[in-house]
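In UniProt numbering, the protein residues as written are 1 to 535.
A virtual CB, placed ideally from N, CA and C, is assigned to each residue, including glycine.
Here the structure is a predicted model, which means the values were calculated and not measured.
So the structure is just underneath, and the comments pick up after that.
Shown next as structure tokens:
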């Protein structure tokens with residue numbers, strides 16, 4: 001049987017809403033006419049035989065389209081690992097004389113990408129609130145396009161003017177702007193189109209695509225020429241942009257915020273199926289919009305409650321531990337790490353194996369996150385990473401002491417491989433799901449921006465200082481420092497991070513606000529939800 005047109009529609013939405021319902025715009029961008037946003041439920045276009053659980057297929061497809069821009073972010077992050085060793089050696093078609101793998105210029109080429117990501121994260125949330133999730137996700141193509149075009153010009157500029165390094169600086173910075181914007185926009189979009197029952201699973205697509213981009217860079221960068229590799233990265237922007245323009249639906253949450261309820265109903269039916277009870281979900285979305293009208297959604301609302309303070313503390317803490325465990329030092333410098341460690345496996349092959357492991361583990365997390373919960377995965381991840389990096393540090397110490405490690409050359413690949421496995425199981429994926437779950441709509445934008453900016457600043461810090469640490473402290477102490485951070489990460493998850501598995505936003509907020517000796521009736525009075533229909 002062929003599905004109906006409503007079932008198969010994923011698409012371009014009408015740009016205009018029905019006139020007459022909403023005429024004024026409030027300060028937070030939600031339209032209203034001075035009358036309550038709450039709908040007359042009897043007039044909503046709800047079909048008989050509706051069911052609470054909608055169809056999942058088009059929710060997955062929308063997530064795949066939006067999440068695919070994260071592959072571009074991963075390509076940028078993984079770019080340095082295979083490319084820097086090539087352009088610093090006079091054995092390739094594009095060689096920059098005087099550029100050293102562990103020199104200051106190489107360090108800046110690496111770290112300017114996360115520095116640009118901080119800038120990209122700042123305006124993207126506000127832009128998405130004003131113009132819509134769909135168009136702003138599409139616009140992220142521009143900084144990535146500038147990045148790859150400048151990369152393609154680098155050999156010619158080097159031959160003519162010897163200025164390839166400054167050009168690479170600018171290219172990496174623009175790539176970072178795109179990555180930072182995508183990291184803010186994609187989790188918010190996925191959280192707004194997903195049903196609660198698959199919210200955690202869909203949230204893991206964000207790091208999966210990121211890992212796929214890294215693997216692509218590891219493979220293509222190692223075995224393709226500089227021009228072919230960067231040209232292919234640029235060409236892959238085309239199918240993404242086409243998919244966004246013609247197939248990606250706008251966020252129903254944003255449509256409701258702008259007073260475009262008929263379009264929101266249409267999008268929900270395309271995502272959930274024609275038999276889904278859109279009336280109930282639209283009513284909940286409108287109630288959230290009313291709350292957003294009451295609250296400004298700024299730092300005051302975010303930090304003004306115990307629940308808000310604990311939520312932002314949790315997210316910033318997760319971002320801190322995610323990066324300070326050393327994962328991006330490993331990802332940016334994987335080839336160099338294996339070359340220094342004298343691994344028995346070719347450095348490029350070992351790097352590709354590590355990238356593939358990360359993708360596979362991301363897929364496993366997509367299946368397990370809603371089964372085992374967030375907190376157990378984080379505790380296990382931090383504990384196991386401590387062991388992996390502790391052993392790797394000991395291997396380096398034996399090398400530094402001049403001991404014979406010929407029988408242990410398999411150990412670096414094993415340790416880094418297992419490190420990536422357990423990182424992906426917990427701290428690589430779970431923090432992004434938690435960010436999308438802890439905050440009410442009015443503070444989700446600013447909280448997400450703060451978390452992502454913190455994340456990228458720490459990526460910059462780690463990648464900029466990694467070679468400084470290895471020169472000053474040697475590899476052994478550097479990896480032991482990372483191991484100690486991993487141990488603290490496990491403790492932080494056990495003591496501080498709340499479990500959000502299967503909980504509604506209201507239940508999560510109650511848990512965050514709870515005090516041990518607080519009267520339960522007082523708590524219930526403060527967190528009592530507003531009824532959908534006036535008494």
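### Task
Would you check if the distance between the CB atom of residue 490 and the CB atom of residue 383 is smaller than 8 Å?
Start at 1 with the first residue of the chain shown, and residue 490 comes out as number 490. Start at 1 with the first residue of the chain shown, and residue 383 comes out as number 383. In this structure, residue 490 sits near residue 383, with a CB-CB distance shorter than 8 Å.
### Message
Does residue 276 come out as helix, strand or coil in the three-state DSSP assignment?
### Response
Sequence index remark: in the chain shown, residue 276 carries index 276 (1-based). Taken through DSSP and simplified to helix, strand or coil, residue 276 comes out as strand.
### Query
Do the stretch 264 to 281 and the stretch 244 to 252 meet, that is, are 3 or more Cβ pairs less than 8 Å apart?
Verdict: yes, contact present.
### Query
Hey, quick one: how far does the alpha helix (DSSP H) through residue 434 stretch, first residue to last?
Position 434 of the chain shown, counted from the start, is the residue given in the question as residue 434. That run of the alpha helix (DSSP H) goes 430 to 438.
### Query
Should the stretch 216 to 234 be called in touch with the stretch 159 to 167, which here means at least 3 C-beta pairs below 8 Å?
No, they do not touch.
### Query
Considering only C-alpha positions, which residue in the set 86, 124 and 151 is nearest to residue 233?
Counted from its first residue, the chain shown places residue 233 at position 233. The residue with the shortest Cα to Cα distance from residue 233 is 151.
### Task
Using beta-carbon positions only, say whether residue 221 and residue 340 come within less than 8 Å of one another.
Mapped onto the chain shown, residue 221 falls at position 221. Mapped onto the chain shown, residue 340 falls at position 340. Result no, Cβ atoms of residue 221 and residue 340 do not sit closer than 8 Å.
### Query
Cβ atoms of residue 373 and residue 501: under 8 Å apart, would you say?
Here residue 501 refers to the residue found at position 501 of the chain shown. Here residue 373 refers to the residue found at position 373 of the chain shown. In contact: residue 501 and residue 373 (Cβ atoms closer than 8 Å).
### Query
Just how far apart, CA to CA, sit residue 387 and residue 400?
The residue given as residue 387 occupies position 387 in the chain shown. The residue given as residue 400 occupies position 400 in the chain shown. For the pair residue 387 and residue 400, the Cα-to-Cα distance works out to about 20 Å.
### Message
Can you tell me whether residue 89 is buried or exposed? The criterion is at least 16 other CB atoms within 10 Å of its CB, across all chains shown.
### Response
Counting from 1 along the chain shown, the entry for residue 89 is found at position 89. Exposed.
#### Entry: Under the three-state DSSP convention, the category residue 257 falls into
Mapped onto the chain shown, residue 257 falls at position 257. Three-state DSSP puts residue 257 in a helix.
### Query
Within this structure, are the beta carbons of residue 422 and residue 211 separated by less than 8 Å?
Sequence index remark: in the chain shown, residue 422 carries index 422 (1-based). Sequence index remark: in the chain shown, residue 211 carries index 211 (1-based). Cβ atoms of residue 422 and residue 211: not closer than 8 Å.
### Query
Roughly how many whole angstroms lie between the Cα atoms of residue 304 and residue 312?
Here residue 304 refers to the residue found at position 304 when the chain shown is read from its first residue. Here residue 312 refers to the residue found at position 312 when the chain shown is read from its first residue. The alpha-carbon atoms of residue 304 and residue 312 are separated by roughly 11 Å.
### Task
Pull up the distance between the alpha-carbon of residue 337 and that of residue 330, whole angstroms please.
For the purposes of this step, residue 337 is identified with residue 337 of the chain shown, where counting begins at 1. For the purposes of this step, residue 330 is identified with residue 330 of the chain shown, where counting begins at 1. Residue 337 and residue 330: Cα-Cα distance of roughly 7 Å.
#### Entry: Three-state secondary structure assigned by DSSP to residue 388
As a first step, residue 388 must be located in the chain shown, where it is residue number 388. DSSP, read as helix, strand or coil, puts residue 388 in helix.
### Query
Would DSSP call residue 185 helix, strand or coil?
Along the chain shown, one-based indexing puts residue 185 at 185. In the three-state reduction of the DSSP assignment, residue 185 falls in the helix class, which pools H, G and I.
#### Entry: CA nearest to the CA of residue 393, picked from 125, 498, 481 and 363
In the chain shown, residue 393 corresponds to position 393, counting from 1. When each option's Cα is compared against that of residue 393, the closest is 481.
### Message
Starting from residue 123, trace the alpha helix (DSSP H) in both directions and tell me its first and last residue.
### Response
What you label residue 123 is simply residue 123 of the chain shown in a count that begins at 1. 104 to 131 is the extent of the alpha helix (DSSP H) around residue 123.
### Query
Going by C-alpha distance, which of 477, 173 and 128 is nearest residue 391?
By one-based count along the chain shown, residue 391 stands at place 391. Distance from the Cα of residue 391 is smallest, within the candidate group 477, 173 and 128, for 477.
### Continuous alpha helix (DSSP H) stretch holding residue 300: start and end
The count along the chain shown starts at 1 and reaches residue 300 at position 300. Taken as a continuous stretch (DSSP letters only), the alpha helix (DSSP H) holding residue 300 covers 299 to 303.
### Message
Three Cβ pairs or more, each shorter than 8 Å: is that satisfied between the stretch 318 to 328 and the stretch 456 to 468?
### Response
Counting C-beta pairs closer than 8 Å gives three or more between the stretch 318 to 328 and the stretch 456 to 468, which meets the contact rule.
### Message
Within 10 Å of its beta-carbon, does residue 230 have 16 or more other beta-carbons around it, so buried, or fewer, so exposed?
### Response
In the chain shown, the residue the question calls residue 230 occupies position 230. Flag for residue 230 reads buried.
### Query
Is there contact here, the stretch 444 to 451 with the stretch 363 to 372, by at least three beta-carbon pairs under 8 Å?
These segments do not touch.
### Message
What does the Cβ neighbour count give for residue 433, buried or exposed, with the cut at 16 atoms within 10 Å?
### Response
Along the chain shown, read from residue 1 onward, the residue named residue 433 stands at position 433. Within 10 angstroms of the beta-carbon of residue 433 lie 16 or more other beta-carbons, which makes it buried.
### Distance between residue 475 and residue 187 (C-alpha atoms, nearest Å)
Mapped onto the chain shown, residue 187 falls at position 187. Mapped onto the chain shown, residue 475 falls at position 475. Put simply, the backbone Cα of residue 187 is about 35 Å away from that of residue 475.
### Task
Give me the Cα-Cα distance between residue 468 and residue 439, rounded to the nearest whole angstrom.
What you label residue 468 is simply residue 468 of the chain shown in a count that begins at 1. What you label residue 439 is simply residue 439 of the chain shown in a count that begins at 1. C-alpha separation (whole angstroms): 38 Å.
### Message
Mapping the DSSP letters down to three states, classify residue 100 as helix, strand or coil.
### Response
Locating residue 100 in the chain shown gives position 100, where the first residue counts as 1. In the structure shown, residue 100 sits in coil (DSSP, three-state: anything other than H, G, I, E or B).
### Query
According to the neighbour-count rule (16 or more other Cβ atoms, all chains shown, within 10 Å of its Cβ), is residue 92 buried or exposed?
Taking the first residue of the chain shown as 1, we reach residue 92 at position 92. An exposed status is given to residue 92, since fewer than 16 other beta-carbon atoms sit within 10 Å of its beta-carbon.
### Message
Tell me the rounded alpha-carbon separation between residue 163 and residue 144.
### Response
The residue you call residue 163 lines up with position 163 of the chain shown. The residue you call residue 144 lines up with position 144 of the chain shown. Distance between the alpha carbons of residue 163 and residue 144 is about 21 Å.
#### Entry: Cβ shell of residue 173 (< 6 Å), same chain only, five flanking positions each side left out
By one-based count along the chain shown, residue 173 stands at place 173. Take residue 173, set aside five residues on each side of it, and the residues of its chain with a beta-carbon closer than 6 Å to its own are 112 and 116, in chain order.
### Query
Going along the chain, which residues of its own chain have a beta-carbon closer than 8 Å to the beta-carbon of residue 101, five neighbours each way excluded?
Numbered from 1 along the chain shown, position 101 holds the residue referred to as residue 101. Contacts found: 84, 85, 88 and 336.
### Query
Can you round the beta-carbon distance between residue 99 and residue 184 to whole angstroms, since I take them to be within the 8 Å contact cut?
To locate residue 99, count along the chain shown from 1; it is residue 99. To locate residue 184, count along the chain shown from 1; it is residue 184. Between residue 99 and residue 184 the beta-carbon gap is near 33 Å, outside 8 Å, which marks them as no contact.
### Task
With a threshold of 16 other CB atoms inside 10 Å of the CB of residue 254, please say whether the residue is buried or exposed.
Residue 254 sits at position 254 when you count from the first residue of the chain shown. Classification for residue 254: buried.
#### Entry: Nearest candidate by alpha-carbon position, reference residue 60, set 429, 126 and 206
Here residue 60 refers to the residue found at position 60 of the chain shown. Minimum Cα distance to residue 60 is reached at 206.
### Task
Enumerate in chain order the residues of its own chain whose CB-to-CB distance from residue 114 is below 7 Å, with the five nearest sequence positions on each side excluded.
Within the chain shown, residue 114 is the residue found at index 114, counting from 1. The beta carbon of residue 114 lies closer than 7 Å to those of 176, 456, 459, 460 and 463 in the same chain, with the five residues before and after it left out.
### Message
I'd like the span of the alpha helix (DSSP H) that includes residue 199, first residue to last.
### Response
One-based indexing of the chain shown puts residue 199 at position 199. From DSSP, the alpha helix (DSSP H) with residue 199 extends over 199 to 203.
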